[in-house]
Structures are given as C-alpha cells and as structure tokens.
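Structure, as structure tokens:
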Amino acid sequence: MAFKHNKLGKTKLAISNVGIGGAAFMLHENSKNAKEVIHAAIKEGVNYIDTSPWYKNSERLLGDVLHGISRNKYVISSKCGRKYSDDILEWFDFSYDSITTSIDNSIKTLGCKYLDICFCHDIEFAPTIDVLLSEALPAMQDAKKAGKIKYIGISGTPISPSSYSQHC
C-alpha cells in the first residue's frame with residue numbers, strides 16, 4: 084500500500100496523507116520497535132513525521148531511528164515554545180532565546196541539518212500576544228533565514244483574530 088502525497092498549502096512540501104506522530108514514542112526508551120514501525124511506514128510512502136521537545140524522549144528516539152535514512156525520504160516538523168520539564172513553571176517559554184535554543188536543540192537531537200516545519204506550540208499559553216509577535220516569531224524568522232527551518236507554523240487553540248488586529 085503506497086500512501087498518497089499532497090502539497091502542503093503554499094509550500095513546496097509534498098507530505099503523505101498519513102503521518103507519524105512523535106507523541107506516540109514519548110515514553111519509549113528503546114528504539115527497536117519504533118525503528119520497525121517508522122522504517123515500515125517510510126517504505127510504504129509515509130513521509131511526514133511530527134515531534135516536539137514536549138514529547139519527552141521522542142526527538143532523541145526519532146533521531147536514532149532516522150539515522151542513516153536519506154533526508155529526502157521524510158519531512159520532519161517539531162515545535163518550540165513548550166517543552167517537557169518536571170517543573171511546571173518551565174513548560175512554556177516564548178522568549179527569543181528560548182525559541183532559538185529549542186530549535187537548535189531539536190536539530191541537534193534529531194541529528195538533522197534543518198527542520199522542514201517548526202511550529203510555535205500552544206500559543207494560547209503565551210503570557211501576552213506581544214511576546215509572540217516581538218520575540219517568538221522573530222526568533223523563528225531568524226532561524227528560517229539561517230536555514231535551520233524551512234517553514235514556520237503555529238499550533239494550539241486559536242486566539243481571537245481581534246486580539247491580533249490591534250498589533251497589525
């Protein structure tokens with residue numbers, strides 16, 4: 084069974100209509116089963132893989148599993164702004180430095196040179212919309228200019244468009 088690929092919006096990315104969610108691997112310590120699943124999926128044409136630092140071990144495990152697979156065989160997305168920590172006060176940080184560090188750490192942990200998509204994750208937990216517009220998104224734009232990410236995305240519960248209009 085080969086999976087169909089569709090162009091993602093206005094990007095140049097063609098992604099499979101079925102993807103691999105890294106959250107499913109967040110508690111796995113052993114990459115053997117994950118490797119079997121992911122390699123079989125890629126062989127069948129699944130090319131979209133989504134992960135996040137929030138998903139505990141997911142990025143490390145996916146980095147191990149994807150090692151040696153040609154980079155043109157998969158499209159990978161990760162997230163920034165939210166990360167796993169035992170301290171709940173550290174779960175959300177949309178500051179410029181935190182976003183930059185998160186992107187750099189994801190690239191390093193995944194063992195790739197760039198992320199195809201990086202989502203600013205769970206933006207409804209940002210302390211203000213200003214921090215998103217003046218720190219998080221500029222950090223992501225700088226990462227894109229540096230070739231660390233190809234496309235910028237936003238995920239989470241939608242914020243009312245009216246709250247953006249005062250900042251445009």
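The numbering used here applies: residue 84 is where the sequence shown begins, and numbers increase by one. Idealized CB from N, CA, C, for every residue including glycine.
If residue i sits next to residue j, beta carbons under 8 Å apart, how far is it from one beta carbon to the other, in whole angstroms?
i, j, result
"residue 222", "residue 179", "4 Å"
"residue 189", "residue 198", "6 Å"
"residue 171", "residue 202", "Incorrect: roughly 21 Å between the Cβ atoms, too far for contact."
"residue 125", "residue 156", "6 Å"
"residue 153", "residue 105", "Contact doesn't hold; Cβ gap of about 20 Å is too wide."
How many angstroms separate the CA atom of residue i from the CA atom of residue j?
i, j, result
"residue 191", "residue 231", "11 Å"
"residue 250", "residue 183", "With a pLDDT of only 48 at residue 250, under 50, the local geometry of the prediction cannot be trusted, and the value read off the model is given with reservation. In a straight line, the C-alpha of residue 250 is about 23 Å away from that of residue 183."
"residue 195", "residue 146", "8 Å"
"residue 206", "residue 168", "18 Å"
"residue 89", "residue 129", "11 Å"
"residue 212", "residue 148", "37 Å"
"residue 135", "residue 87", "25 Å"
"residue 247", "residue 115", "Interpretation of residue 247 is limited by its pLDDT of 49, a score under 50 that renders its predicted location unreliable; the figure taken from the coordinates is listed afterwards. Looking at the two C-alpha atoms, the distance is approximately 45 Å."
"residue 235", "residue 150", "24 Å"
"residue 68", "residue 218", "It is not possible to answer for residue 68, since the shown part of the chain is limited to 84 through 251."
"residue 92", "residue 193", "25 Å"
"residue 210", "residue 204", "13 Å"
"residue 109", "residue 138", "5 Å"
"residue 95", "residue 224", "18 Å"
"residue 229", "residue 100", "29 Å"
"residue 97", "residue 103", "15 Å"
Looking at the unbroken alpha helix (DSSP H) that takes in residue i, where does it start and where does it end?
i, result
"residue 122", "114 to 126"
According to DSSP, is residue i helix, strand or coil?
i, result
"residue 199", "strand"
"residue 187", "helix"
"residue 156", "helix"
"residue 175", "strand"
"residue 99", "strand"
"residue 104", "strand"
"residue 247", "With a pLDDT of only 49 at residue 247, under the threshold of 50, the placement of this residue in the model should not be trusted; the figure read from the coordinates follows. The answer is helix: DSSP assigns residue 247 an H, G or I state."
What is the residue span of the beta strand (DSSP E) that residue i lies within?
i, result
"residue 152", "Residue 152 -> no beta strand (DSSP E), and no H or E assigned at all."
"residue 222", "No beta strand (DSSP E) holds residue 222; the alpha helix (DSSP H) holding it covers 220 to 228."
"residue 237", "232 to 237"
"residue 169", "Per DSSP, residue 169 belongs to no beta strand (DSSP E) and is neither H nor E."
"residue 133", "131 to 133"
"residue 90", "88 to 90"
query = Does the segment 112 to 129 come close enough to the segment 160 to 177 that 3 or more CB-CB pairs lie under 8 Å?
reply = no
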